[in-house]
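The block underneath contains the structure these notes are about, expressed in structure tokens.
In full-length UniProt numbering, the protein residues as written are 1 to 356.
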């Protein structure tokens with residue numbers, strides 16, 4: 001979880017802001033951070049309820065109290081990425097925090113050396129996953145690729161899955177799309193789960209229809225798009241030179257990994273604090289473009305046209321170019337943070353001294 005999400009969620013609760021708005025899409029400002037404007041749709045239960053109660057609220061309060069009574073908090077971030085919010089947690093929550101990330105960079109240099117060895121030995125090339133070989137081929141052809149993955153927890157309706165596919169197809173961009181199915185007809189994979197629109201996982205006809213659709217879709221995009229139905233090494237994918245954009249659910253680890261790789265985000269949050277992360281990605285960091293739902297809101301069904309528009313903007317548009325310039329700056333900042341003498345290096349050293 002980011003410093004941003006922790007600090008902003010606390011500020012919303014502290015000032016009882018949820019009770020001041022009349023509709024889910026009505027913007028409101030936060031006194032602690034007056035430049036930030038949220039809506040109720042940016043918040044998940046129980047934070048979007050003016051009078052929260054019940055088991056979920058009790059659990060959240062239990063976690064919050066345990067955190068406040070703990071020795072401190074480790075954050076997979078680096079100070080330079082979100083200094084205002086990191087300082088706010090230390091100052092207002094009186095909570096010790098150590099920003100020791102990005103953790104994905106802890107092995108990044110070793111991974112890059114490993115990839116170089118693979119690329120230089122024909123015998124090892126066969127061990128390289130087929131999707132990484134596909135990315136290699138795209139690079140040889142001088143093409144750029146959009147990586148699409150929505151994490152392992154979000155359930156996406158089959159109608160929405162198909163709309164995503166139509167949007168990717170209409171965009172004309174090259175893409176690698178990671179999917180996993182909750183259907184008994186397909187193996188479990190490590191990205192978005194598609195579900196029957198009627199929530200009946202035993203509907204064989206519906207399962208077969210989506211499998212048929214995927215087969216036809218893959219034929220239509222053959223040569224410029226690949227659908228991956230297995231767990232992927234996301235850091236390796238993002239670090240590949242050909243990957244220029246990442247359509248993401250904005251889980252915090254995915255956000256940090258995209259920054260470390262210098263890859264611009266097509267922000268499509270699904271659950272938990274991901275909507276706040278998406279706000280941060282687009283409005284605070286300036287390293288992404290938000291997908292817009294029907295009616296112009298941040299939640300709801302997303303039509304193919306809106307998928308296409310966001311993808312084109314990131315891969316070809318002016319906002320994408322500016323976001324790419326900005327993410328390159330943050331990428332270098334992340335690498336400096338984990339080097340000896342950097343902010344994360346020092347934070348980890350402080351932590352070790354604290355517990356010794």
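Idealized CB from N, CA, C, for every residue including glycine.
For clarity, every value in this text was computed on a predicted model and none was experimentally measured.
If only complete runs of 4 or more residues are kept, the region 69 to 103 shows the alpha helix (DSSP H) at 83 to 92, in order along the chain.
For residue 55, the secondary structure class from DSSP, reduced to helix, strand or coil, is helix. The region 270 to 298 is shown to contain whole beta strand (DSSP E) runs of 3 or more residues at 288 to 290, in chain order. From the listed residues 161, 85, 29, 46, the smallest Cα separation to residue 60 is found for 46. Excluding five sequence positions before and after residue 168, the CB atoms of its chain that fall closer than 6 Å to its own CB belong to 175, given in chain order.
Non-local beta-carbon contacts of residue 36 in its own chain, meaning distances under 6 Å to residues more than five positions away in sequence, involve 30 in chain order. Within the same chain, Cβ atoms closer than 8 Å to the Cβ of residue 26 are found at 39, 40, the five residues on either side in sequence being excluded. With three or more CB-CB distances shorter than 8 Å, the region 302 to 317 counts as touching the region 241 to 249. Straight-line spacing of the CA atoms in residue 307 and residue 227 works out to 17 Å. As the crow flies, the alpha-carbon of residue 293 is around 44 Å from that of residue 349. Between residue 237 and residue 143, the C-beta gap is not smaller than 8 Å, which leaves the two residues out of contact. No Cβ-Cβ contact shorter than 8 Å links residue 279 with residue 49. Approximately 6 Å separates the beta-carbon atoms of residue 5 and residue 277; this is inside 8 Å, confirming the contact. Per the coordinates, the alpha-carbon of residue 353 lies some 37 Å from the alpha-carbon of residue 34. Taken in chain order, the complete alpha helix (DSSP H) segments of 4 residues or longer contained in the region 213 to 261 are 234 to 239, 252 to 261. Selection 337, 351, 341 evaluated against residue 79 yields 337 as nearest (Cα-Cα).
Under the three-state reduction of DSSP output, residue 145 falls in the strand class.
With a beta-carbon spacing of about 32 Å, residue 99 and residue 129 fall beyond the 8 Å limit used to define contacts. Judged by DSSP secondary structure, residue 345 falls within the alpha helix (DSSP H) whose first and last residues are 343 to 355. In terms of CA proximity to residue 68, 10 leads the group 101, 32, 10, 81. Taken atom to atom, the span from the alpha-carbon of residue 213 to that of residue 156 is near 16 Å. Per DSSP, reduced to three states, the secondary structure at residue 43 is coil, with no helix or strand assignment. Each of 52, 162, 219 was checked against the Cα of residue 18, and the nearest Cα belongs to 52. Residue state for residue 22 is assigned as coil, using DSSP reduced to three classes. The DSSP-derived three-state label of residue 129 is coil. Going by C-alpha positions, residue 104 is about 21 Å away from residue 286. DSSP, reduced to helix, strand and coil, places residue 157 within a strand of the structure shown. Residue 30 is bridged by DSSP to 33. Proximity to residue 355 across 57, 65, 96 peaks at 96, based on C-alpha coordinates. Listed as beta-bridge partners of residue 267 by DSSP are 248, 290.
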